[in-house]
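Q: Below: one structure in structure tokens.
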Amino acid sequence: MSFMHNFLYVSNIGTGNVEIFNLSLDAENPPSVRTFGQGLLSSPCGMAADVNTLYVVNAGSDNVQVFDITNRANPVPLGTFGDGDMNNPNAILLVGAFLHITNLNSSTVEVYHTAIDPENPQKVAEYGAGELNQPNGLALFPGGTFLYVSNAGDSTIEIYDISDPENPQRAGQFGGIAEISHPIGMEIFIDTLYVANFDGTHGSTISVYDLADPENPQFVGRFGSGLLSGPTEMTIVVDLMYVVNENANSVSVYDLSSDRRNPVYLNTFTNSLDEPFGVFPVFPFAP
């Protein structure tokens, strides 16, 4: 596996910043490079990027902070958007030219268009009212047709058909308390969906689903019991999974290469993390 020139961003709710880790030096135990965003971020959660533009969700100020990441190790603030539209935003995902952003308190998802001006995206839609229950995570099925939205409020996951990006349509629901509890972040690797169980019946574990049928995911099992502590978001770089532990101020690393549905635990790292929530991989220079 190659991690050359990879950085990992981890958002800290407690200190209101994002910490940068250098994966190219040691992917399993990356050293910290620096932090950024102090004084600009307020309870930062999820992150997404469009080439040289980074979006960091501010759950505390109900908006999104934008950074120029032409130099991946030294992000430069550009401005904010979403004021007046968002209500405790948490997760953010870029699908083509559209940003999807969850509103935890109003149980909806906002859609913003980035193509015209990526530094100042424009709201084009809102969906999920009456269907979502405290949405807190997003994952896109490979191919871009189906979007999964985790409901922290009732321990389910909604499926949306986003063939029309400005008019997502509900396509189904799965999960339930027998399989997941207080789900937050999600990630997909090949044909497998991972769901972070923050607390409750299955707290501090990751639930695993088979996505052979993307409209009817099948529960496979769980991992992480005794190793994770309040997992929030996760990301995959090559075949390593990084899981944020909000309660333990750390990130756990799992190897997916031998069995992606029963990953092997490798390590946990901390540095100066303080109530971490979001995690996002980036390269140091523009692709």
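Note that the sequence shown covers residues 969 to 1255 in the numbering used here.
The C-beta atom is built at its ideal place from N, Cα and C for all residues, glycine as well.
1. Are Gly-1005 and Asn-1058 close, meaning C-beta to C-beta below 8 Å?
2. Pull the bridge partners of Met-1054 from the DSSP assignment, please.
3. Pro-1133 and Gly-1050 look like a contact to me (Cβ under 8 Å); what is the Cβ gap, rounded to whole Å?
4. What did DSSP end up calling Arg-1190 once you bin it into helix, strand or coil?
5. Taking 6 Å as the limit between beta carbons, can you name the residues of its chain near Ile-1156, skipping five residues before and five after?
6. Could you give the DSSP three-state label for Asn-1088: helix, strand or coil?
7. I need the boundaries of the beta strand (DSSP E) containing Glu-1126, first residue and last residue.
8. Apart from the five residues on each side of it in sequence, which residues of its chain come closer than 8 Å, Cβ to Cβ, to Ala-1254?
9. Which class does Pro-1249 belong to by DSSP, given the choice of helix, strand or coil?
10. Taking Cβ positions, are Val-1163 and Ser-1118 nearer each other than 8 Å?
11. Please classify Thr-1124: is it buried, with 16 or more other beta-carbons within 10 angstroms of its beta-carbon, or exposed?
12. Taking the alpha-carbon of Asn-1104 as reference, which of Pro-1136, Gly-1153, Leu-1061 and Pro-1110 has the nearest alpha-carbon?
13. Reducing DSSP to helix, strand and coil, say where Gly-1121 ends up.
14. Quick check on the burial criterion: 16 or more other C-beta atoms within 10 angstroms. Buried or exposed for Gln-1090?
15. Expressed to the nearest angstrom, what Euclidean distance is found between the alpha-carbon atoms of Ser-1149 and Tyr-1177?
16. Measure the alpha-carbon distance for Tyr-1023 versus Asp-994 and round it to whole angstroms.
17. Answer yes or no: do Pro-1231 and Asp-1223 have a C-beta to C-beta separation smaller than 8 Å?
18. What's the call for Met-969, buried or exposed, on a 16-neighbour Cβ count within 10 Å?
19. Under the criterion of a Cβ to heavy atom distance below 7 Å, does Pro-1133 qualify as lining the ligand NAP?
20. I'd like the ranges of any beta strand (DSSP E) spanning at least 3 consecutive residues and lying wholly in the stretch 1152-1232.
A: According to the data block:
1. As a working note, residue 1005 is residue 37 in the sequence shown. As a working note, residue 1058 is residue 90 in the sequence shown. For the pair Gly-1005 and Asn-1058, the CB atoms are not nearer than the 8 Å cut-off.
2. Locating residue 1054 in the sequence shown gives position 86, counting from the first residue. Partner(s): none; Met-1054 has no beta bridge.
3. Reading the sequence shown from its first residue, position 165 is the one you call residue 1133. Reading the sequence shown from its first residue, position 82 is the one you call residue 1050. Here Pro-1133 is actually not in contact with Gly-1050; their C-beta atoms are around 18 Å apart, not less than 8 Å.
4. For the purposes of this step, residue 1190 is taken as the residue at position 222 of the sequence shown. The three-state reading of DSSP puts Arg-1190 in strand, counting E and B together.
5. The residue given as residue 1156 occupies position 188 in the sequence shown. Apart from the 5 residues on each side of it in sequence, Ile-1156 sits with its Cβ closer than 6 Å to the Cβ of Ala-1107 in its chain, given in chain order.
6. The residue you call residue 1088 lines up with position 120 of the sequence shown. The answer is coil: DSSP assigns Asn-1088 none of H, G, I, E or B.
7. Sequence index remark: in the sequence shown, residue 1126 carries index 158 (1-based). Element bounds for Glu-1126: 1124-1129.
8. Indexing the sequence shown from 1 puts residue 1254 at position 286. Confidence is the limiting factor: at Ala-1254 the pLDDT is only 43, short of 50, which leaves the residue's position unreliable, though a coordinate-based value still follows. Excluding five sequence positions before and after Ala-1254, the CB atoms of its chain that fall closer than 8 Å to its own CB belong to Val-1019, Asn-1020 and Thr-1038, given in chain order.
9. If you number the sequence shown from 1, residue 1249 lands on position 281. Reduced to three states, the DSSP call for Pro-1249 is strand.
10. On the sequence shown, residue 1163 is found 195 positions in, with the first residue counted as 1. On the sequence shown, residue 1118 is found 150 positions in, with the first residue counted as 1. In contact: Val-1163 and Ser-1118 (Cβ atoms closer than 8 Å).
11. Position 156 of the sequence shown, counted from the first residue, corresponds to residue 1124. Around the CB of Thr-1124, 16 or more other CB atoms lie within 10 Å, so the residue is classed as buried.
12. Here residue 1104 refers to the residue found at position 136 of the sequence shown. It is Gly-1153.
13. Within the sequence shown, residue 1121 is the residue found at index 153, counting from 1. Under the three-state reduction of DSSP output, Gly-1121 falls in the coil class, being neither helix nor strand.
14. Locating residue 1090 in the sequence shown gives position 122, where the first residue counts as 1. Taking all protein chains shown into account, Gln-1090 has fewer than 16 neighbouring C-beta atoms within 10 Å of its C-beta and is therefore exposed.
15. Position 181 of the sequence shown, counted from the start, is the residue given in the question as residue 1149. Position 209 of the sequence shown, counted from the start, is the residue given in the question as residue 1177. Cα to Cα, Ser-1149 sits roughly 14 Å from Tyr-1177.
16. Walking along the sequence shown from the start, residue 1023 turns up at place 55. Walking along the sequence shown from the start, residue 994 turns up at place 26. Approximately 26 Å between the Cα atoms of the pair.
17. On the sequence shown, residue 1231 is found 263 positions in, with the first residue counted as 1. On the sequence shown, residue 1223 is found 255 positions in, with the first residue counted as 1. In this structure, Pro-1231 places its C-beta atom within 8 Å of the C-beta atom of Asp-1223.
18. As a working note, residue 969 is residue 1 in the sequence shown. Caution applies to Met-969, whose pLDDT of 47 falls short of 50 and renders its modelled position unreliable; the value that the coordinates give is listed next. Result: exposed.
19. Of ligands this structure carries none, so the ligand NAP is not represented either.
20. Here the runs fully enclosed are 1160-1165, 1173-1178, 1186-1191, 1199-1205, 1208-1213 and 1218-1223.
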